[in-house]
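>
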Amino acid sequence: TMRLQLNLLARSWIRLVIDGQVATETVMEQGVEDSFEAKESIVLRTGNAAGVKVTLNDEDLPFLGGPGEVIERRWDLVNGEIVETTPTPVLATATPTDEPTATPTP
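Residues in the sequence shown are numbered consecutively from 1327, following the numbering used here.
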């Protein structure tokens, strides 16, 4: 199992999905400490990455991001090992357009 502990250093919106089910989606105030257990996966999304101290299985993790930064992290339990998967942001791609053809000047 995985044990996630959250320690709020500043007020932050938190959405936590444990084993595919939303465990909490709320604004947590500074000073709040909470812990959660998962058997398969944890997805954490926060609206103030610098305001949330995360501990996973008693190991303090580096800060997830800066003040006011929206960050999502995912951890999966694979063959007894915790694997972190950081979702990659979807980048808008430009649709290629045909290059205009040069018109010869008379």
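Ideal Cβ placement from N, Cα and C applies to all residues, glycine included. Computed from a predicted model, the values in this text were never measured in an experiment.
Using DSSP with H/G/I as helix, E/B as strand and the rest coil, what is ALA1349?
Strand.
> Identify which residue in ASP1386, VAL1343 and ALA1375 has its Cα closest to the Cα of GLY1392.
Measuring from the Cα of GLY1392, the nearest candidate turns out to be ALA1375.
> Any idea what DSSP makes of ALA1364, helix, strand or coil?
Correct three-state label for ALA1364: strand.
> So is PHE1404 buried or exposed if we call it buried at 16+ other beta carbons inside 10 Å?
Looking at the sequence provided, one finds Val at residue 1404 rather than Phe. Classification for VAL1404: exposed.
> By how many angstroms is the C-alpha of ILE1368 removed from the C-alpha of ILE1344?
Using only the alpha carbons, I get a separation of about 5 Å.
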